[in-house]
Every structure is written in C-alpha cells, then in structure tokens.
Ligand SMILES: [Fe+2]
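Numbering (my numbering), first residue to last: 11 to 249.
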C-alpha cells in the first residue's frame, strides 16, 4: 500500500518530535503493509509552518538512510500538505511548495469549518497549469458534513478526494464518519491515507479503516482504490 498523507519528519510541524519516533512510526507503517509513504508536513502561509522544499527533501533523504540502516522496508517521498489560498498556483510555479513525490498532484488542506469562497476557481486555476489538487480529509469539514453532496461539485471542478482511514473508525467523531461513508457511497473516494502524526495516537495505519470501508464498497473496490492510489505519485500501479 501507499500512504499519500502522513507527517513522518521530526520537528517540522505537529508530527513526531524525534528521529526515534519517526522510526517507530515507519516500523508501524511497514507492519501495516505500507511500502511507500509520502511525508506531507504542513505548509501554511505566514505561519511558523512554512518549511522550504530543500529542508524537507534533505530530511526525507536522512530518514530514508535511517530506514535502510534499521532494515525497515519503507520508502519515503517528499510532499507537503498545503493550506488552501488563492495564490496556490503562484506558490507551485515558484517552487515554494512541494507536490506529492514531485508528481502533478498537490495535497491541499481546507479549513475545518466552512469551504473558502471561490474554491472551484482555485481548483480550476491549478488544473490550467497542469496541477491536480487533492483535498485532504474533506470529511472533517463541517460544511461538507452538513451537506455531503457538495463534494460532488468539487470533484466535478477537478479535485480528487483523500479521506483519512481513522474517519471510518469514528476517531474524528460521528459526523466525519457519516460523511466519509456518504462519500464512499457516492463513489468519490480517490485515496485513503493515514494522516499519521505520532507513534502513539494518530498512527500510520490504514488497514483498520479499510476494513470498515470494505463493508460498504466490497473488497474488490478497496483493492482497486489501493492500486489507483499510485497515480498520485506518478506511478501506474504496483501489485
Ligand atoms: Fe495532515
């Protein structure tokens, strides 16, 4: 499996706070069957979380070396979870933010309360420059929880949908669980990721959530979803 959204690098955001914890998270991910993880530190304009692409790439290289030394069969790719703003196209073209594994897909975080005005236009403007936006855990957004059908407009505008495995298990509340199941029934799930932040609470584990999803869409559809997730790092699929 591939995890396209997790926070595995130490001391860059609210993820792990030491290399030991990063390695522990990598061990958990690998035990769960994850072979590739795109680490996606938060990048939010004008906040303390504006890591440079070079800093992230350097830390990814360091982590990959540590994984080899410790014989943990997991490959890390660089990425970011970028807070939505009108100037996303400029941030991408100037190289200030990283796409997923340097593919054409950009992971975008939306607010937890309402959807920004003009979100469709932002999606469209990215598409025009050949960048495909992936919405990070939209099932946790209150506006979408109240009106899950609104996701269909965003998908129609060109967005992809990444949901968090823990949402299926109710870790983010009943509303998020109901919403994510609704998305599954609409057939608009494009990736299930861990959004892991630590080795103890929000862990890099996909299988528990996928088991719940399976009850709604069946094993075959889950397998298809997992195989298709590879497109987000520019790979066809890996079996
Ligand atoms: Fe995240």
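Just so you know, even glycine gets a beta-carbon here, dropped at the ideal spot from N, CA and C. This one's a predicted model, so the numbers in the text were calculated from it and none came from an experiment.
Are the beta-carbon atoms belonging to residue i and residue j less than 8 Å from one another?
i	j	result
residue 99	residue 139	yes
residue 50	residue 91	yes
residue 175	residue 202	yes
residue 239	residue 42	no
residue 52	residue 13	no
residue 153	residue 116	no
Around the Cβ of residue i, are there at least 16 other Cβ atoms within 10 angstroms (buried) or fewer (exposed)?
i	result
residue 32	buried
residue 45	exposed
residue 250	Only positions 11 to 249 of the chain appear in this structure, which leaves residue 250 out of reach.
residue 11	buried
residue 121	exposed
residue 177	buried
residue 102	buried
residue 229	exposed
residue 149	buried
residue 26	buried
residue 123	exposed
residue 69	buried
Which of the three DSSP states, helix, strand or coil, is assigned to residue i?
i	result
residue 59	coil
residue 26	coil
residue 170	strand
residue 12	strand
residue 54	coil
residue 66	helix
residue 44	coil
Given this structure, state the Cα-to-Cα distance separating residue i from residue j, to the nearest angstrom.
i	j	result
residue 133	residue 88	22 Å
residue 195	residue 188	11 Å
residue 204	residue 214	5 Å
residue 35	residue 95	30 Å
residue 16	residue 184	22 Å
residue 219	residue 65	32 Å
residue 253	residue 137	Missing from the structure shown is residue 253; the chain here goes from 11 to 249 and no further.
residue 20	residue 39	16 Å
residue 141	residue 212	29 Å
residue 225	residue 130	32 Å
Worksheet entry | Unbroken stretches of the alpha helix (DSSP H), 4 residues or longer, contained in the segment 182-240 | 184-196, 217-227 and 229-238
Item to complete: Write down every uninterrupted run of the alpha helix (DSSP H) in the segment 83-171 whose length is 4 residues or greater and which is fully enclosed by it, in chain order.
Response: 98-103, 129-138, 152-156 and 160-167
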